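*Asks:*
Residue numbers (this note's numbering): 23 to 349.
Shown next, in the form of structure tokens:
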């Protein structure tokens, strides 16, 4: 559990730092760098199942836990992007803790039934959530707040977070459900599952290079439709592969477009913090999507639980469509 906590903290920090460095590049270079970033993320997410499966079969599953450390070898090649000065503002630990407690309490409440939590514990979590939300709301008005009111009022900022949360919610749920269903219901091997997801990753990498706001609308809509078809068709292997692949494509496109849009409206002094919170919001959305799937997989079955998860990419499509209409 300690190792998992450190892995999550490290991966979150590295992802946020990478986004901040790319977003800090000159405006004329930013679209090209964001496209490369989104494409690389899509390919690596899809290939993780193949690599992890091969390593586990040939060597040991323990070695797969070390694979994230390979990212350290890329750090020297990225130092050229780390040229933007920091804001040197003081960190707001109160706001950071309030945001963290809010997220954790929400996720535990969503999974209360699946975790078989007692009613007193559920009541305590609900009370903790209300207090944390109140503390977070109060902290936004303080000078130097971790999540400031001025940041939240930036044009399109909250909408960008909503778009990413919906995509990540659907993607994380699909990546949790699809490999399990393909392995248990269709007897696919881990390597076969990973190979089947690679074409979608390549498509996502290609589309991210020419993606714009209209692309986000239709690609998130197609992702939602693919999840719904999994439930309607009772989970055939082809539909499962398409749903997971469309999630990867939606992820790559949304990552590039949303990061570019947020970078354009944030001053340099707020860009690191602003993108860090955007990144946090995305992963919270992913955790909520996974939690909703896990909570519903028991009573509804895995296939129909994925069908319910459709609401996440649908919300992304709606938010992206509203932003498109206003622009």
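Each residue gets a CB set at the ideal place from its N, CA and C atoms; glycine is no exception.
Since this is a predicted model, take the numbers as computed values, not measurements.
Does the region 183-195 come close enough to the region 295-311 to have 3 or more Cβ pairs within less than 8 Å?
*Replies:* As far as the Cβ criterion goes, the region 183-195 touches the region 295-311, which means the pair count is three or higher.
*Asks:* Check whether the region 310-326 touches the region 72-81, counting contact only when three or more Cβ pairs, one atom from each stretch, lie closer than 8 Å.
*Replies:* No, because fewer than three Cβ pairs between the region 310-326 and the region 72-81 fall closer than 8 Å, the two stretches do not touch.
*Asks:* Specify, as a first and last residue, the run of the alpha helix (DSSP H) that residue 140 falls within.
*Replies:* From DSSP, residue 140 is part of no alpha helix (DSSP H); its letter is neither H nor E.
*Asks:* Run through DSSP, which three-state label would residue 202 get?
*Replies:* Residue 202: helix per DSSP, three-state reduction.
*Asks:* Pick out the complete alpha helix (DSSP H) segments inside the region 172-250, 4 residues or longer, and give them in chain order.
*Replies:* 179-206, 212-230, all fully within the region 172-250.
*Asks:* Are the C-beta of residue 28 and some C-beta of chain D separated by less than 8 Å?
*Replies:* Looking for chain D here will not work: only one protein chain is present.
*Asks:* Taking a contact to mean a Cβ-Cβ separation below 8 Å, would you say residue 169 touches residue 117 in this structure?
*Replies:* Contact flag set, yes.
*Asks:* Straight-line CA distance for residue 120 to residue 338?
*Replies:* Their backbone Cα atoms lie some 26 Å apart in a straight line.
*Asks:* Could you tell me which of 275, 72, 176, 287 sits nearest to residue 59, measuring between CA atoms?
*Replies:* With distances taken between Cα atoms, residue 59 lies closest to 275.
*Asks:* My assumption, with CB atoms under 8 Å, is that residue 68 sits in contact with residue 220. Please give the rounded CB distance.
*Replies:* Right, their Cβ atoms sit about 5 Å apart.
*Asks:* By the DSSP assignment, the alpha helix (DSSP H) with residue 162 in it spans what residues?
*Replies:* Counting along the chain, residue 162 falls outside any alpha helix (DSSP H), and DSSP gives it neither H nor E.
*Asks:* Taking 7 Å as the limit between beta carbons, can you name the residues of its chain near residue 148, skipping five residues before and five after?
*Replies:* Correct list, in chain order: 131.
*Asks:* Would you kindly work out how many angstroms separate the C-alpha atoms of residue 312 and residue 282, rounded to a whole number?
*Replies:* If I take the Cα positions, the gap works out to 26 Å.
*Asks:* Which residues in the same chain have their Cβ closer than 6 Å to the Cβ of residue 398, if we skip the five residues on either side of it in sequence?
*Replies:* Because residue 398 is not part of the residues shown, which for the chain are 23 to 349, the question remains open.
*Asks:* Residues in its own chain within less than 7 Å of residue 155 by CB, not counting five upstream and five downstream?
*Replies:* The answer, listed in chain order, is 124.
*Asks:* Just curious, the alpha helix (DSSP H) that residue 132 is in, first and last residue?
*Replies:* Here the alpha helix (DSSP H) through residue 132 covers 115-132.
*Asks:* Is the distance from the Cβ of residue 216 to the Cβ of residue 71 below 8 Å?
*Replies:* Yes; because the gap between Cβ atoms is below 8 Å, this pair is in contact.
*Asks:* DSSP three-state call for residue 67: helix, strand or coil?
*Replies:* Three-state result, residue 67: helix.
*Asks:* Buried or exposed for residue 263, please, with buried defined as at least 16 other CB atoms from any protein chain shown within 10 angstroms of its CB.
*Replies:* Answer is buried; the Cβ neighbour count reaches 16.
*Asks:* Whose C-alpha, out of 194, 309, 90, 318, is nearest the C-alpha of residue 28?
*Replies:* Minimum Cα distance to residue 28 is reached at 90.
*Asks:* Roughly how far, in whole angstroms, is the beta-carbon of residue 38 from the beta-carbon of residue 293, given that I think they are within contact range, below 8 Å?
*Replies:* Residue 38 to residue 293, Cβ: 11 Å. No contact.
*Asks:* Does residue 277 come out as helix, strand or coil in the three-state DSSP assignment?
*Replies:* Reduced to three states, the DSSP call for residue 277 is helix.
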